[in-house]
Amino acid sequence: MSEYRYYEFQALDRPLGEADREALRALSTRARITATSFANRYDFGDFKGDPLRLVERWFDLHLHLADWGTRRLTIRLPKRLVDRARLDAFLPGGGLAEVVESGDNLILDIRDDGEDDGGEPEGYDEGWDDGSGWLDALAPLRGDLLSGDWRLPYLVWLRAVDRDRLRDEAREPLPGIGPLTGGLEAFAAFFRIDPDLVEAAAEAPGGGEPPPEAVAAAVAAIPEADRTALLRRLAEGDPHVAAEVRSRVRETAAAADADLRTVSDLRARAAAVRGAREAAEAERRRAARERREREAEQARRARLDALRRRGDGAWREVESEIGRRNAAGYDRAAALLADLGTLAGENGATADFARRLDALRSRHRRKERLLERLAGLDPA
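This note's numbering puts the sequence shown at residues 5 to 384.
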């Protein structure tokens with residue numbers, strides 16, 4: 005049995021130089037290496053490098069996936085742009101995620117070893133996954149977090165709820181995570197969080213872009229000296245100026261005294277969401293079944309009407325099909341006779357049908373396979 009592993013790294017803030025790429029090439033001769041990325045997959049063997057060390061030195065994002073269930077997302081964040089104490093408050097412990105300090109950076113390391121998770125959540129479709137494409141979908145979450153959007157750490161916390169790692173009375177760290185972005189949806193799918201629990205959490209707003217009037221007010225409130233410093237950094241090519249401004253705007257526009265739900269509240273709401281989803285799915289199945297039955301009945305009526313118009317020609321067709329002396333011909337003959345029996349019942353001609361059917365059986369009494377197919381065709 006093969007053991008598949010996929011590793012991918014992305015450099016967002018600073019591209020890799022030639023010396024960087026040569027150092028990475030020494031770790032893997034088969035990896036795809038560019039000025040901004042490193043990716044490789046293994047069917048046998050494993051990556052020789054230490055992913056955390058690579059993130060500390062070169063990369064802003066790392067993703068790892070293995071076919072036995074392990075999943076990992078590692079994000080490097082400039083320390084000066086992240087409130088460490090607030091970030092720690094979202095993290096439940098228990099090996100699901102941790103923050104590592106590395107020089108001027110914080111490294112958020114989120115892991116799922118594929119163990120002790122109670123199986124796949126209902127609504128999650130497991131299938132072969134080679135790992136490619138995930139990091140591109142998840143990459144915007146880093147910029148969102150640097151911009152003061154705390155919904156990614158909320159989902160890390162929600163994983164602990166999904167894995168039964170938190171007490172029922174524990175309260176959510178934000179008043180919800182709605183509206184969901186593509187990156188948040190990708191994170192929930194990658195780490196296999198119960199979709200109904202995610203939907204319950206997203207019913208309350210906890211992020212998104214503030215309205216234009218809030219943005220204008222927040223920008224106007226930035227002190228003149230700070231605005232000048234931000235513009236100077238922007239002119240110098242600092243890649244984080246926009247994120248820092250958006251973070252200030254979010255802090256200014258954040259709602260105060262929002263109600264926070266408990267773990268018990270979220271689980272109850274997820275159960276209600278699941279019940280509504282299952283009821284809707286059952287209704288869709290019922291409607292689809294009734295539609296198929298209507299269509300089948302319409303096709304049957306059309307077939308019977310066409311057969312009625314053919315009159316005795318239908319009986320000649322029965323004989324023609326029997327004359328083929330093969331299973332397909334016998335099947336078609338039996339189907340035609342079944343329809344002729346239905347028409348006879350509708351027209352009050354069952355006695356005539358029974359007489360003609362007996363005569364047909366007598367003529368073909370040596371064809372045992374045919375007679376087996378004609379069993380049960382006698383009118384009631």
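Think of the CB as a built atom: it goes at the ideal place given N, C-alpha and C, for glycine as much as any other residue.
1) Quick check: A39 and P19, are their CB atoms within less than 8 Å of each other?
2) In the DSSP assignment, find the unbroken alpha helix (DSSP H) run with V267 in it and report its ends.
3) Identify which residue in I79, L85 and A15 has its Cα closest to the Cα of A246.
4) Which same chain residues, not among the five before or five after L142, have their C-beta less than 8 Å away from its C-beta?
5) Mind the definition here: the stretch 154 to 162 touches the stretch 21 to 31 only if three or more C-beta pairs lie below 8 Å; say whether that holds.
6) V86 by DSSP, collapsed to three states: which one?
7) Would you say V432 and R88 are within 8 Å of each other, going by their C-beta atoms?
8) How far does the beta strand (DSSP E) with I111 in it extend, from its first residue to its last?
9) Look up S366 in the DSSP assignment and say whether it is helix, strand or coil.
10) Specify, as a first and last residue, the run of the beta strand (DSSP E) that E12 falls within.
11) Suppose you measure from the CA of D198 to the CA of L270; what does that come to, to the nearest Å?
12) Round the Cβ separation of D117 and T185 to the nearest angstrom and send it over; I've been treating them as touching at under 8 Å.
13) In this structure, how does DSSP classify R236 when only helix, strand and coil are distinguished?
14) For V322, collect the residues of the same chain with a Cβ closer than 8 Å to its Cβ; drop the 5 residues on either side in sequence, then sort them by chain order.
15) Taking just the CA atoms, how far does A303 sit from D12?
Checking against the coordinates, here is how it stands:
1) Yes, the Cβ-Cβ distance between A39 and P19 is below 8 Å.
2) If you look at V267, you'll find it in the alpha helix (DSSP H) that goes V267 to R314.
3) Closest by alpha carbon: L85.
4) So the list reads L65, L67, L77, G187, A190, F191 and F194, once near-sequence residues are dropped.
5) The count of Cβ pairs closer than 8 Å, one atom from the stretch 154 to 162 and one from the stretch 21 to 31, stays below three, leaving the stretches out of contact.
6) Reduced to three states, the DSSP call for V86 is coil.
7) The structure shown has nothing for residue 432, since the chain only spans 5 to 384.
8) That run of the beta strand (DSSP E) goes N109 to D116.
9) If DSSP states are grouped into helix, strand and coil, S366 belongs with the helices.
10) Start and end: R9 to Q14.
11) Cα to Cα, D198 sits roughly 12 Å from L270.
12) Rounded to the nearest angstrom, the Cβ distance from D117 to T185 is 26 Å, too far for a contact under 8 Å.
13) R236 falls in the helix class under three-state DSSP.
14) These residues qualify, in order along the chain: A337, L340, L341, L344 and L364.
15) For the sequence presented, residue 12 should be read as Glu rather than Asp. Approximately 54 Å, taken between the alpha carbons.
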